[in-house]
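S.K.:
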Amino acid sequence: AQTVTQSQPEMSVQEAETVTLSCTYDTSESNYYLFWYKQPPSRQMILVIRQEAYKQQNATENRFSVNFQKAAKSFSLKISDSQLGDTAMYFCAFMTYNTDKLIFGTGTRLQVFP
Amino acid sequence: DVKVTQSSRYLVKRTGEKVFLECVQDMDHENMFWYRQDPGLGLRLIYFSYDVKMKEKGDIPEGYSVSREKKERFSLILESASTNQTSMYLCASKTVGRSNTEAFFGQGTRLTVV
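Here the protein sequences line up with chains A and B, keeping their order. Numbers 2 to 115, taken from the working numbering, label the letters of the first sequence in order. Numbers 4 to 117, taken from the working numbering, label the letters of the second sequence in order.
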């Protein structure tokens, strides 16, 4: 069975600083996707970034980037130049090639303060 | 703009009532999902559907059933609501295949069973 672990229930960062959220996962599959989703106070889940396991290059979307370590089964999210609007719950998620089901971690609540 | 709409943002029901949570998507997606979100537990999959009238149990199906009579609509049914079903419920949809892996979410229904 696949599992996703987020070991940081809460984090805080000052505006304009950089923060890294951790995620580890466990699977015996070799082909899969990893995601970070953001859930702001409005409750609308939004895809932040995705990574295909076969791609060695780390995904980047503007201020958001990942550090994907396949051998270590680690998938951390780095947010650069943090903004107040980044305040949200962040969920790490996993999906194998042969299923469309997302498996989520327990989430990290990020607070960005001025 | 893609849209997944859940019929209620907040719902209060009495113990023993039959409860229907409705979800509609306008993207012609084949797959639809119901998740339950609880603090410290993340999102857990209740049921998903990969086609009209087709369904599969997720990780926590006990006490729930689903209905998908039309492609765009996926209903979650609590046959006899109990207080331990007080939670946030999120609906999601996505297309099949590896060409587009993004899942789209509704804004959630916060259900309180009293």
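Glycine included, each C-beta is placed from N, C-alpha and C at the ideal position.
1. With burial defined as no fewer than 16 other Cβ atoms inside 10 Å of the residue's Cβ, what is the status of residue 84(A): buried or exposed?
2. Can you list, in chain order, the residues of its chain with a C-beta nearer than 6 Å to that of residue 39(A)? Leave out the 5 residues immediately preceding and following it.
3. In chain order, what residues of the same chain lie with their CB nearer than 7 Å to the CB of residue 108(A), ignoring the 5 residues before and after it?
4. Quick check: what's the CA-CA separation for residue 74(A) versus residue 26(A)?
5. For a quick check, are the C-beta atoms of residue 107(B) and residue 35(B) less than 8 Å apart?
6. Is residue 88(B) helix, strand or coil when you go by DSSP?
7. Could you say which of 104(B), 76(B), 87(B) lies nearest to residue 94(B) if we only look at CA atoms?
8. Beta strand (DSSP E) containing residue 2(B): first to last residue?
9. Consider the Cβ of residue 28(B): report whether some Cβ of chain A lies at a distance smaller than 8 Å.
10. Would you give the residue range spanned by the beta strand (DSSP E) that residue 72(B) belongs to?
11. Hey, would you say residue 115(B) sits closer than 8 Å to residue 15(B), going by beta carbons?
12. Name the residue from 63(B), 68(B), 90(B), 8(B) whose alpha carbon lies nearest to the alpha carbon of residue 56(B).
13. Using 8 Å as the threshold, is the C-beta distance between residue 27(B) and residue 101(A) below it?
14. Taking the straight line between their C-alpha atoms, what separation do you get for residue 7(B) and residue 110(A)?
15. Looking only at DSSP bridge pairs, what is residue 68(A) linked to?
16. Taking only beta-carbon atoms, is residue 3(B) less than 8 Å away from chain A?
17. Does any residue of chain B bring its CB to less than 8 Å from the CB of residue 107(A)?
18. Find out if the Cβ-Cβ distance for the pair residue 97(A), residue 33(A) is shorter than 8 Å.
19. Have a look at 13(B), 9(B), 19(B) and flag the residue whose alpha-carbon is nearest the alpha-carbon of residue 82(B).
20. Which residues in the same chain have their Cβ closer than 8 Å to the Cβ of residue 19(A), if we skip the five residues on either side of it in sequence?
21. Given a limit of 9 Å on CB to CB distance, which residues of the region 41-69 of chain A reach chain B?
M.R.: With the given structure in hand:
1. The residue you call residue 84(A) lines up with position 83 of the first sequence. When all chains shown are included, residue 84(A) counts as exposed.
2. By one-based count along the first sequence, residue 39(A) stands at place 38. Excluding sequence neighbours, residue 39(A) sits near 47, 49, 89, 91.
3. Here residue 108(A) refers to the residue found at position 107 of the first sequence. If we look at residue 108(A) and ignore the five residues flanking it on each side, its Cβ neighbours are 7, 90, 91, 92.
4. Position 73 of the first sequence, counted from the start, is the residue given in the question as residue 74(A). Position 25 of the first sequence, counted from the start, is the residue given in the question as residue 26(A). So the alpha carbons of these two residues sit roughly 6 Å apart.
5. Position 104 of the second sequence, counting from 1, holds the residue named residue 107(B). Position 32 of the second sequence, counting from 1, holds the residue named residue 35(B). It is not a contact, given that the beta carbons lie outside the stated cut-off.
6. Along the second sequence, read from residue 1 onward, the residue named residue 88(B) stands at position 85. Three-state result, residue 88(B): helix.
7. As a first step, residue 94(B) must be located in the second sequence, where it is residue number 91. Answer by Cα proximity: 76(B).
8. Any question about residue 2(B) goes unanswered here, given that chain B covers just 4 to 117.
9. Along the second sequence, one-based indexing puts residue 28(B) at 25. No, residue 28(B) does not count as interfacial toward chain A.
10. Working through the second sequence from its first residue, we reach residue 72(B) at position 69. First-last of the beta strand (DSSP E) with residue 72(B): 67-73.
11. The count along the second sequence starts at 1 and reaches residue 115(B) at position 112. The count along the second sequence starts at 1 and reaches residue 15(B) at position 12. The answer is yes: Cβ separation under 8 Å.
12. Taking the second sequence and counting its residues from 1, one reaches residue 56(B) at position 53. The candidate whose alpha carbon is nearest that of residue 56(B) is 68(B).
13. On the second sequence, position 24 is the one that residue 27(B) refers to. On the first sequence, position 100 is the one that residue 101(A) refers to. Taking 8 Å as the cut-off, the beta carbon of residue 27(B) is found no closer than this to the beta carbon of residue 101(A).
14. Within the second sequence, the letter at position 4 stands for residue 7(B). Within the first sequence, the letter at position 109 stands for residue 110(A). Residue 7(B) and residue 110(A) have their alpha carbons spaced roughly 24 Å apart.
15. Position 67 of the first sequence, counted from the first residue, corresponds to residue 68(A). According to DSSP, which records beta bridges pairwise, residue 68(A) is partnered with 77(A).
16. Nothing in the structure corresponds to residue 3(B), since chain B is present only between 4 and 117.
17. Position 106 of the first sequence, counted from the start, is the residue given in the question as residue 107(A). Output row for residue 107(A): interface = yes.
18. Position 96 of the first sequence, counting from 1, holds the residue named residue 97(A). Position 32 of the first sequence, counting from 1, holds the residue named residue 33(A). For residue 97(A) and residue 33(A), yes; Cβs fall inside 8 Å.
19. On the second sequence, residue 82(B) is found 79 positions in, with the first residue counted as 1. Nearest C-alpha to residue 82(B): 19(B).
20. For this step, residue 19(A) is matched to residue 18 along the first sequence. The beta carbon of residue 19(A) lies closer than 8 Å to those of 79, 80, 81, 82, 83 in the same chain, with the five residues before and after it left out.
21. 43, 44, 45, 46, 47, 48, 51, 53
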